[in-house]
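Novice:
2 protein chains.
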Amino acid sequence: MNEPSPPSLGFLLRNAYAALAEHVYGQLPDRGFPEIRRAHSSLLRHIAPGGSRLTELAAAAGMAKQSMAYLADDLTALGMLEAVPDPRDGRARLLRLTARGRKLYETLVALSAEAESRLEAELGATGIAALRHGLTQTIARFPPGLG
Amino acid sequence: MNEPSPPSLGFLLRNAYAALAEHVYGQLPDRGFPEIRRAHSSLLRHIAPGGSRLTELAAAAGMAKQSMAYLADDLTALGMLEAVPDPRDGRARLLRLTARGRKLYETLVALSAEAESRLEAELGATGIAALRHGLTQTIARFPPGLG
DNA sequence: TCTGGTTAGTCAGATTGCCTGACTTCTATT
DNA sequence: AATAGAAGTCAGGCAATCTGACTAACCAGA
């Protein structure tokens, strides 16, 4: 009931992420992508234009390949992703966006940009830059696997 | 493999939160609280000194009371929390921190403060203020349940 | 004072988003 | 060839939520 006078940075970060994600992903149903969930972004954010391997995507997102496989299966079932054999390695498949998947990707980019420019109207260009810088430094200063 | 030139704000927010949370919660085992997980913060952040009701905590954290009950059971089993009947309402229980729970709470506050001051050394007081302001505005500008 | 609506919490069950371990298949190196 | 390692699959598990249905208790009004 009583949030301590200055809310902790962790609290702010968590809620800011939740608010922004809700804003962006909450609009997807209206844009024709009702089945896309937040978790899918772990794949969508990292997929290369020419296609990517499952293992690459898992490494880029920092998750187990089994977890990425689950997301890939999902997006494939939704018609956003297709898998073709990698001609350079018989074990591997290349995952790439279908036409509809590219549309989804572009929609997400556009919604993100719209949200950011809305925020920029509030904070100004310097404010946004400071926010980005602060976040980037937070990531850099607290690397995974350190005390 | 190729993070697009400016990483999206969502990406930054998610990773900054993850990095900070990992930093803080990763130190808890060394501080004598090996069983505390991130989810517990949803309860710990909102509990009042004199004790809080389950329903209050759930509302403050924005989650279902059943979910908060799960966290409360957990913290109770770990000896951090105890429940006493609310003298003012026979249906309700007051949840409050035990001595060990208060120690945990103080440890979390200290670790948070330490992390923030480390970041302040990097960003300066103005940088931290700008970061906080940006996050606060993000939360305010993208309220739950809106397009 | 009974009664009906509301609130506090519990019970049961489901889902999402991850995880680990064990395995197969293929590649590449020796 | 033989074998080590990498790509991906299969099976299973767990954490952190959710919804729906319920009981017990409180409270306001007839």
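Taken in sequence, the protein lines are chains A and F. Residues in the first sequence are numbered consecutively from 99, following the working numbering. Residues in the second sequence are numbered consecutively from 99, following the working numbering. Cβ atoms here follow ideal geometry from the backbone N, Cα and C, with glycine treated the same way. Note that the coordinates shown come from a computational prediction; the quantities given were computed from them, not determined experimentally.
(1) Taking beta-carbon pairs under 9 Å, can you tell me which members of the stretch 105-127 of chain A lie near chain F?
(2) Leu193 of chain A and Leu110 of chain A: beta carbons closer than 9 Å?
(3) So is Arg143 of chain A buried or exposed if we call it buried at 16+ other beta carbons inside 10 Å?
(4) Roughly how many angstroms lie between the CA atoms of Pro102 of chain F and Glu154 of chain F, to the nearest whole one?
(5) Just tell me which of A:Thr234, A:Arg186, A:Gly130 and A:Thr236 has its CA closest to the CA of Arg151 of chain A.
(6) For Ser165 of chain A, go through chain F and note every residue whose CB falls closer than 7 Å to its CB, in chain order.
(7) Would you mind listing the alpha helix (DSSP H) stretches within the stretch 199-237 of chain F that are 4+ residues and don't spill past its ends, in chain order?
(8) Answer yes or no: does any C-beta atom of chain F fall closer than 9 Å to that of Val182 of chain A?
(9) Suppose you measure from the CA of Ala181 of chain A to the CA of Arg191 of chain A; what does that come to, to the nearest Å?
(10) If you pair each beta-carbon of the stretch 171-180 of chain F with each one of the stretch 155-163 of chain F, do three or more pairs fall below 8 Å?
(11) Which residue comes first and which comes last in the beta strand (DSSP E) that contains Arg186 of chain F?
(12) Quick check on the burial criterion: 16 or more other C-beta atoms within 10 angstroms. Buried or exposed for Gly108 of chain F?
(13) Is any beta-carbon of chain F found at less than 9 Å from that of Arg239 of chain A?
(14) At a Cβ cut of 9 Å, what residues of the stretch 204-218 of chain F count as close to chain A, listed as they run along the chain?
(15) Just to make sure I have the definition right: I need the residues of chain A whose C-beta is within less than 7 Å of the C-beta of Thr236 of chain F. Which are they?
(16) Out of F:Ser210, F:Gly232 and F:Leu221, which one is the CA nearest neighbour of Gln125 of chain F?
(17) Name the residue from F:Arg129, F:Ala137, F:Ala170 and F:Ala117 whose alpha carbon lies nearest to the alpha carbon of Gly149 of chain F.
(18) Can you tell me the Cα-Cα spacing of Thr236 of chain F and Thr196 of chain A, whole angstroms?
(19) Restricting to Cα atoms, I'd like to know which of A:Phe131, A:Ala219 and A:Ser106 is closest to Lys201 of chain A.
(20) Taking Arg198 of chain F as the reference, which of F:Ser106, F:Gly188, F:Gly225 and F:Glu133 has the closest Cα?
(21) To the nearest angstrom, report how far apart Glu220 of chain A and Arg230 of chain A are at their CA atoms.
(22) Would you identify the three-state DSSP class for Glu180 of chain F, choosing helix, strand or coil?
(23) Taking CB distances under 9 Å as the criterion, tell me whether Pro185 of chain F reaches chain A.
(24) Could you name the residues of the same chain whose beta carbon sits closer than 8 Å to that of Arg136 of chain A, not counting the 5 residues immediately before and after it, in chain order?
(25) Helix or strand or just coil, what does DSSP make of Arg194 of chain F?
(26) Using a Cβ-Cβ cut-off of less than 8 Å, give me the residues of the stretch 136-165 of chain A that come near chain F, in sequence order.
(27) Given a threshold of 16 other Cβ atoms within 10 Å of its Cβ, counted over all protein chains shown, does Ala238 of chain F qualify as buried or as exposed?
(28) Which residues in chain F have a C-beta closer than 7 Å to the C-beta of Ala170 of chain A? List them in chain order.
(29) Compute the distance between the beta-carbons of Ala117 of chain F and Pro105 of chain A, then report whether it is under 9 Å.
(30) Between Leu192 of chain F and chain A, is any beta-carbon pair separated by less than 9 Å?
Specialist: Concretely, from the data shown:
(1) Answer set for the stretch 105-127 of chain A: Pro105, Ser106, Leu107, Gly108, Phe109, Leu110, Leu111, Arg112, Asn113, Ala114, Tyr115, Ala116, Ala117, Leu118, Ala119, Glu120, His121, Val122, Gly124 and Gln125.
(2) Taking the first residue of the first sequence as 1, we reach residue 193 of chain A at position 95. Taking the first residue of the first sequence as 1, we reach residue 110 of chain A at position 12. Between Leu193 of chain A and Leu110 of chain A, the C-beta spacing is not below 9 Å.
(3) Position 45 of the first sequence, counting from 1, holds the residue named residue 143 of chain A. Per the 10 Å Cβ criterion, buried.
(4) Taking the second sequence and counting its residues from 1, the one referred to as residue 102 of chain F is at position 4. Taking the second sequence and counting its residues from 1, the one referred to as residue 154 of chain F is at position 56. At Pro102 of chain F the pLDDT is 47, less than 50, meaning the model places this residue with poor confidence; the figure from the coordinates comes in the next sentence. For Pro102 of chain F and Glu154 of chain F, the distance between alpha carbons rounds to 42 Å.
(5) Indexing the first sequence from 1 puts residue 151 of chain A at position 53. In terms of CA proximity to Arg151 of chain A, A:Arg186 leads the group A:Thr234, A:Arg186, A:Gly130 and A:Thr236.
(6) For the purposes of this step, residue 165 of chain A is taken as the residue at position 67 of the first sequence. Taking a Cβ-Cβ threshold of 7 Å, none of the residues of chain F is close to Ser165 of chain A; the smallest such distance is about 15 Å.
(7) The stretch 199-237 of chain F contains no whole alpha helix (DSSP H) run of 4 or more residues.
(8) Along the first sequence, one-based indexing puts residue 182 of chain A at 84. False, the Cβ-Cβ gap to chain F never drops below 9 Å.
(9) Here residue 181 of chain A is taken as the residue at index 83 of the first sequence, counted from 1. Here residue 191 of chain A is taken as the residue at index 93 of the first sequence, counted from 1. CA-to-CA, the gap between Ala181 of chain A and Arg191 of chain A works out to about 6 Å.
(10) When C-beta atoms of the stretch 171-180 of chain F are compared with those of the stretch 155-163 of chain F, fewer than three pairs fall below 8 Å, so the two segments do not count as touching.
(11) As a working mapping, residue 186 of chain F is identified with position 88 in the second sequence. Unbroken run through Arg186 of chain F: none, as it is neither H nor E.
(12) Looking up residue 108 of chain F in the second sequence gives position 10. By the neighbour-count definition (other C-beta atoms within 10 Å, threshold 16), Gly108 of chain F is a buried residue.
(13) Here residue 239 of chain A refers to the residue found at position 141 when the first sequence is read from its first residue. Cβ-Cβ to chain F under 9 Å: yes for Arg239 of chain A.
(14) Residues of the stretch 204-218 of chain F with a Cβ closer than 9 Å to any Cβ of chain A, in chain order: Leu206, Val207, Ser210, Ala211, Ala213, Glu214, Arg216 and Leu217.
(15) One-based indexing of the second sequence puts residue 236 of chain F at position 138. Taking the beta carbon of Thr236 of chain F as reference, the chain A residues within 7 Å of it are Ala114, Ala117, Leu118 and Leu217, listed in sequence order.
(16) Within the second sequence, the letter at position 27 stands for residue 125 of chain F. Of the candidates F:Ser210, F:Gly232 and F:Leu221, the one whose C-alpha sits nearest the C-alpha of Gln125 of chain F is F:Ser210.
(17) Within the second sequence, numbered from 1, the residue matching residue 149 of chain F stands at position 51. Comparing Cα-Cα distances from Gly149 of chain F to each of F:Arg129, F:Ala137, F:Ala170 and F:Ala117, the minimum goes to F:Ala170.
(18) Taking the second sequence and counting its residues from 1, one reaches residue 236 of chain F at position 138. Taking the first sequence and counting its residues from 1, one reaches residue 196 of chain A at position 98. Whole-angstrom Cα-Cα distance: 33 Å.
(19) Position 103 of the first sequence, counting from 1, holds the residue named residue 201 of chain A. Here the closest residue by C-alpha is A:Phe131.
(20) What you label residue 198 of chain F is simply residue 100 of the second sequence in a count that begins at 1. Checked all of F:Ser106, F:Gly188, F:Gly225 and F:Glu133; the closest Cα to Arg198 of chain F is F:Glu133.
(21) Within the first sequence, residue 220 of chain A is the residue found at index 122, counting from 1. Within the first sequence, residue 230 of chain A is the residue found at index 132, counting from 1. Each residue's CA atom was taken as its position, placing Glu220 of chain A and Arg230 of chain A some 15 Å apart.
(22) As a first step, residue 180 of chain F is located in the second sequence; it is residue number 82 there, counting from the start. Three-state DSSP puts Glu180 of chain F in a strand.
(23) Walking along the second sequence from the start, residue 185 of chain F turns up at place 87. It does not: the Cβ of Pro185 of chain F has no partner Cβ on chain A nearer than 9 Å.
(24) Counted from its first residue, the first sequence places residue 136 of chain A at position 38. Exclusion of the five residues before and after Arg136 of chain A leaves Ala119 and Tyr123 as the residues of its chain whose Cβ lies within less than 8 Å of its Cβ.
(25) Looking up residue 194 of chain F in the second sequence gives position 96. Here Arg194 of chain F sits in strand by DSSP.
(26) Those residues of the stretch 136-165 of chain A placed with their C-beta closer than 8 Å to a C-beta in chain F are Ser139, Arg143, His144, Ala146, Ser150, Glu154 and Ala158, ordered along the chain.
(27) For the purposes of this step, residue 238 of chain F is identified with residue 140 of the second sequence, where counting begins at 1. An exposed status is given to Ala238 of chain F, since fewer than 16 other beta-carbon atoms sit within 10 Å of its beta-carbon.
(28) By one-based count along the first sequence, residue 170 of chain A stands at place 72. The premise fails here: Ala170 of chain A is roughly 15 Å from chain F at the closest Cβ pair, so nothing lies under 7 Å.
(29) By one-based count along the second sequence, residue 117 of chain F stands at place 19. By one-based count along the first sequence, residue 105 of chain A stands at place 7. No, these two residues do not count as a Cβ contact at 9 Å.
(30) As a first step, residue 192 of chain F must be located in the second sequence, where it is residue number 94. Output row for Leu192 of chain F: interface = no.
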